[in-house]
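Just so we're aligned: the sequence shown equals residues 907 to 1220 in this note's numbering. Where a beta carbon is used, it is the ideal one built from N, C-alpha and C, also for glycine. Please read these numbers as outputs of a predicted model, since none were measured by experiment. All remarks here apply to the structure that follows.
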Amino acid sequence: MNLDSRVYVAGHRGLVGSAILRRLQGAGYGDLLTRTSGELDLTDAREVDAFFGEERPEYIFLAAAKVGGILANNDYPADFIRENLAIELNVIDAAHRWGVEKLLFLGSSCIYPKFAPQPMREEHLLTGELEPTNRPYAVAKIAGIELCRAYNAQHGTDFVSVMPTNLYGPNDNFDPETSHVLPALLRRFHEARERGEPSVTVWGTGSPRREFLHVDDLADACVFLMERYSGSEPVNIGVGEDVSIAELAEVVGEVVGYEGEVVFDTSKPDGTPRKLLDVGKLSGMGWRAATPLKAGMASTYKWFLANRPVETPE
Ligand code: GDP
């Protein structure tokens, strides 16, 4: 891939796609292709085919996906499996038929088995039971990885898959009901400070451990792998370290400047005790995440302040 290559970022308005687009723009890539979902429905094979025929992308970052938290996955399981399967099948198949040079498919760390050993290595994929709450989503994402592998084997394509850990950053979902823990706490601590509340609630016991990667680091790793990695084995992308939810809440308090008490609501579920990726493969290639958690959180908080939805008075 070079600065003149025609690069299509599928899903450029999402958390991941927007970060990849920023990264490519910043590096001086001059022929970037994007389409909103209104302009191009990736679940429609004929539309996808027509797009490839007209635009002839050379490199593709496949970051388009239907994503959501546990509630959304629970309420719309058919949408999650159907839309993700359709997007992957249409884009990966068109990429093969139109002779795309290389494609990078975004998987997810939540597709590893529920009881995978920690830290999770790439070869743990498909070795055990999945977490039931997002199984339709996970099966679709695993199918995407398998599509890449199968097309490489049968057609000699250069399609690679990556497995990002929990991500955060600009364009994240800050909705209190459906967001993940980091944006949820940034918003809740912010609102508690604004309203002068003496305490703020964090779900669960505070003891589960999670790994958090800034999405700009993910984008950097994706471009790094597009330039340097070929192969059908997926590559984990993470920071290689985790923090407890209680530690996370402490950092959120510092970033937001909230000095009240933190209360743990143990009626809420903890979920899995630990979720950490083994990033040995990627670090062996010479890549490391650059953004410390506190700095990444501070810039995400700034983004939230500039872009947050208007609050409804209570
Ligand atoms: P998970 O990694 O799939 O479990 O996703 P989450 O990001 O939703 O949750 C991670 C951990 O943070 C769990 O132990 C939650 O109980 C805990 N947590 C604490 N407060 C919150 C919150 O306000 N929202 C969410 N989503 N999780 C929270």
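Within the DSSP secondary-structure output, D981 pairs in no beta bridge.
With respect to K1208, W1109 sits apart: the two C-beta atoms are not nearer than 9 Å.
K1181 sits close to M1026, with the two beta carbons spaced by under 9 Å.
When beta bridges are read from the DSSP output, P1070 appears opposite I1143.
Within 8 Å of the C-beta of I976 there is at least one heavy atom belonging to the ligand GDP. In the three-state DSSP reduction, L1183 falls in the strand class (E or B).
Counted as a single uninterrupted DSSP element, the alpha helix (DSSP H) harbouring I1048 occupies residues R1041 to H1061.
Taking all protein chains in view, the Cβ of A1196 is surrounded by fewer than 16 other Cβ atoms within 10 Å, so the residue is classified as exposed. Annotated three-state conformation of A916 is strand, per DSSP. In terms of Cα proximity to I993, the closest of Q1024, A1155 and L968 is L968. Look at D1078: its beta carbon is at least 8 Å from all of the heavy atoms in the ligand GDP. Here DSSP, grouped into helix, strand and coil, assigns D1122 to helix. N980 sits away from A1046, with the two beta carbons spaced by 9 Å or more.
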